[in-house]
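*Asks:*
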Amino acid sequence: MLKYKKICLLSLFLLMLLLLADQFIFISAWFYIGTVIATLALLAYGSAAVCSGFYCRVICSGSTSERIISLTFDDGPHETLTPAILDILNKYDVKSAFFCVGNRAAENPHLIMRMDKEGHIIGNHSGSHHFLFDLFSRKKIAEDLEENDKIIDRIINKKVSLFRPPYGVTNPAVAAAVRARGYTVIGWSLKSRDTVIKNENLLLERLGQKLKNGGIILFHDNMDVTARILDRFIQHAAERNFRFERLDHLLKINAYE
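For the sequence shown, the working numbering gives the first residue as 10, with consecutive numbering after it.
1. Counting pairs of beta carbons, one from the region 82 to 99 and one from the region 214 to 221, are three or more of them closer than 8 Å?
2. Whole-angstrom Cβ separation of residue 128 and residue 157, contact assumed at under 8 Å?
3. Helix or strand or just coil, what does DSSP make of residue 125?
4. For residue 173, count neighbouring C-beta atoms within 10 Å of its own C-beta (all shown protein chains included) and say buried if the count is 16 or more, exposed if not.
5. If you run the structure through DSSP and keep just helix, strand and coil, what is residue 40?
6. Are the region 162 to 179 and the region 29 to 43 touching, with three or more C-beta to C-beta distances below 8 Å?
7. Return the chain-ordered ranges of every beta strand (DSSP E) run that is complete within the region 152 to 233 and spans a minimum of 3 residues.
8. Note down, in chain order, each residue of its chain lying with its Cβ closer than 7 Å to the Cβ of residue 262, except the 5 sequence neighbours on either side.
9. Let me know the alpha helix (DSSP H) ranges lying completely inside the region 25 to 89, each 4 residues or longer, listed in chain order.
10. When the Cα atoms are used, what is the spatial distance from residue 44 to residue 72?
11. Between residue 49 and the rest of its own chain, which residues show a CB-CB distance below 7 Å, the 5 nearest in sequence each way excluded?
12. Could you say which of 243, 232, 205 and 255 lies nearest to residue 220 if we only look at CA atoms?
13. Alpha carbon to alpha carbon, how far is residue 10 from residue 78?
14. Take residue 185 and list the residues in its own chain whose beta-carbon comes closer than 6 Å to its own, dropping the five residues that flank it on each side.
15. Could you pull the start and end residues of the beta strand (DSSP E) that residue 106 belongs to?
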């Protein structure tokens with residue numbers, strides 16, 4: 010939270026400076042309003058831009074000059090789409106990271122077991138993926154994450170170390186819960202936008218244009234279009250001499266405690 014603290018302290022300093030100066034010269038109210046608006050804008054940017062690391066350290070790519078990329082999938086497991094994606098990954102022997110939602114993992118434990126058995130890693134993507142997750146209190150966020158950890162641990166007997174925030178949103182409460190639980194926070198360098206782009210060719214074109222060394226690619230394994238384009242995407246990336254590496258290997262970190 011170093012950037013967050015610096016911005017808050019700087020804003021407080023500026024407001025105090027304005028108040029002091031106002032004792033000697035006229036200071037328009039717009040200077041105060043402008044300072045507050047600028048601070049709020051920076052805080053909002055920091056919340057929405059996960060890779061800014063504004064509130065906590067976030068890893069968004071691997072440091073390598075080699076043509077290596079890593080696939081990650083959020084929001085699953087999905088009863089029918091996740092198996093289709095796993096089949097494709099198995100076909101090409103591509104090992105990926107799945108950031109799973111707790112209630113969906115509890116409903117599909119066989120898919121969590123399959124991911125683990127086939128050499129993929131599993132991360133925490135919250136227990137509920139509630140649309141107001143980032144507005145929860147620190148305590149409620151920590152409880153939500155802990156419940157997901159317990160669900161995954163019960164299924165594969167492994168304690169998760171990786172976390173990706175729902176919607177990619179962070180704030181002081183999320184950051185505090187993350188620190189308390191000791192997660193490594195994972196972002197992405199390439200957001201596929203498979204949640205909004207439903208045209209297969211457009212999606213493949215977007216991905217092909219943005220591939221970079223050390224890239225972490227964000228897909229969603231509950232999106233039909235992802236299952237439809239994944240086979241071709243893997244082939245296209247291989248044709249451009251990219252090879253796939255599992256996230257923890259690319260980043261040289263531990264996936265589990």
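Idealized CB from N, CA, C, for every residue including glycine.
Remember, predicted model here, so these are calculated numbers, not experimental data.
*Replies:* Inspection of the coordinates gives the following:
1. no
2. Not a contact, Cβ separation roughly 21 Å.
3. helix
4. buried
5. helix
6. no
7. 193 to 195 and 224 to 229
8. 193
9. 38 to 57
10. 37 Å
11. none
12. 243
13. With a pLDDT of 46 at residue 10, under the threshold of 50, the predicted position of this residue should be treated as unreliable, though the coordinate-derived value follows. Spanning the two alpha carbons is a distance of roughly 28 Å.
14. 147
15. 106 to 109
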